[in-house]
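Below is one structure, written out as structure tokens, with a few remarks after it.
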Amino acid sequence: MPNRKGRTEPHWDGGRGARQGVLWFLAEHKLLGQIKNVAKTASKDQLITAYNQLFETKSFKDTESTEQVAEQVKNVKIDEGQPKKTKSEEVIDEASPKYTKSILKRGDKINFPKKGDVVHCWYTGKLQDGTVFDSNIQTSSKKKKASKPLSFKVGVGKVIRGWDEALLTMSKGEKANLEIEPEWAYGKKGQPDAKIPPNAKLFFEVELVDIE
1 MPNRKGRTEP HWDGGRGARQ GVLWFLAEHK LLGQIKNVAK TASKDQLITA
51 YNQLFETKSF KDTESTEQVA EQVKNVKIDE GQPKKTKSEE VIDEASPKYT
101 KSILKRGDKI NFPKKGDVVH CWYTGKLQDG TVFDSNIQTS SKKKKASKPL
151 SFKVGVGKVI RGWDEALLTM SKGEKANLEI EPEWAYGKKG QPDAKIPPNA
201 KLFFEVELVD IE
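Start counting the sequence shown at 1; every next residue gets the next number (UniProt numbering).
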């Protein structure tokens, strides 16, 4: 049947005819591209408007072919313009926490560090067998006076990820035990200089004494 522009519209009778009808439908409404890729070149509103117009002009021959076309159009996945996540974003989103925290002393529950803040901490690090591999807490009175808390920008990769993530949950004055899985510690390589073996789970006692 001729449309308002003088061109002939196809009757859709299922099978090959239905596919040809879909192709005409795309060309008529300037929805360019292969059927499976239409969603990349047309908005959802464009598709719905064009589809409704086809029904209004009764371009379909019978109910059966109408249902076939409806099924084809329904199966086209619509891209609603949402930005796709990059692979790195997907990995971050799906990562479950690789540490556990047990509070030994509660902080003020008011002052929490944000990414990029400088934090000051006392800490002791141990291996699973109890071996101390690092600490800035001194026992002798002379060394204790000279010692200073560890200071660094939190949440920006200056320390292992387990520390970065855990400290962002601590408030000023809080002391906690951290149990950090290898993935968020030193992983498969370990840290030979500190005598940390590969795939080692690490245990820390950390006190957050100040935030800048």
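Beta carbons: idealized from backbone N, C-alpha and C, even for Gly.
- CA-CA distance, residue 194 to residue 136, rounds to 14 Å.
- Look at residue 200 here: in three-state DSSP terms it is coil, with no helix or strand label.
- Spatial neighbours of residue 211 in its own chain (CB-CB distance under 7 Å, excluding positions within 5 residues in sequence) are listed in chain order as 111, 113, 117, 119, 172.
- Here residue 158 is exposed, its C-beta having fewer than 16 other C-beta atoms within 10 Å.
- Apart from sequence neighbours up to five positions away, the residues of its chain that approach residue 188 with a beta-carbon distance below 8 Å are 182, 198, 199, ordered along the chain.
- Residue 162 sits buried, since 16 or more C-beta atoms from the chains shown fall within 10 Å of its C-beta.
- Between residue 205 and residue 168, the C-beta spacing is not below 9 Å.
- Comparing alpha carbon positions, the residue from 128, 122, 115 closest to residue 155 is 115.
- Nearest in C-alpha terms to residue 191, of all of 160, 106, 153, 140, is 160.
- Membership of residue 164 in the alpha helix (DSSP H) is indicated by the continuous run 161–167.
- For residue 103, the enclosing beta strand (DSSP E) begins and ends at 99–105.
- In this structure residue 107 is in contact with residue 174, their Cβ atoms being roughly 3 Å apart against a cut-off of 8 Å.
- In the three-state scheme derived from DSSP, where H, G and I count as helix and E and B as strand, residue 180 is classed as strand.
- Following the DSSP letters along the chain, one finds residue 123 inside the beta strand (DSSP E) bounded by residues 118–126.
- Collapsing the DSSP output to three states places residue 48 in a helix.
- Excluding sequence positions up to five before and after residue 98, its CB lies within less than 6 Å of the CB of 181, 183, 184, all in the same chain and listed in chain order.
- Going by beta carbons, residue 176 and residue 109 fall outside the 9 Å limit.
- Residue 166 has its alpha-carbon roughly 15 Å from the corresponding atom of residue 151.
- Scanning its chain for C-beta atoms nearer than 7 Å, with the 5 sequence neighbours on each side dropped, one finds around residue 100 the residues 179, in chain order.
- Around the beta carbon of residue 196, a 10 Å sphere encloses 16 or more other beta carbons of the protein chains shown; the residue is thus reported as buried.
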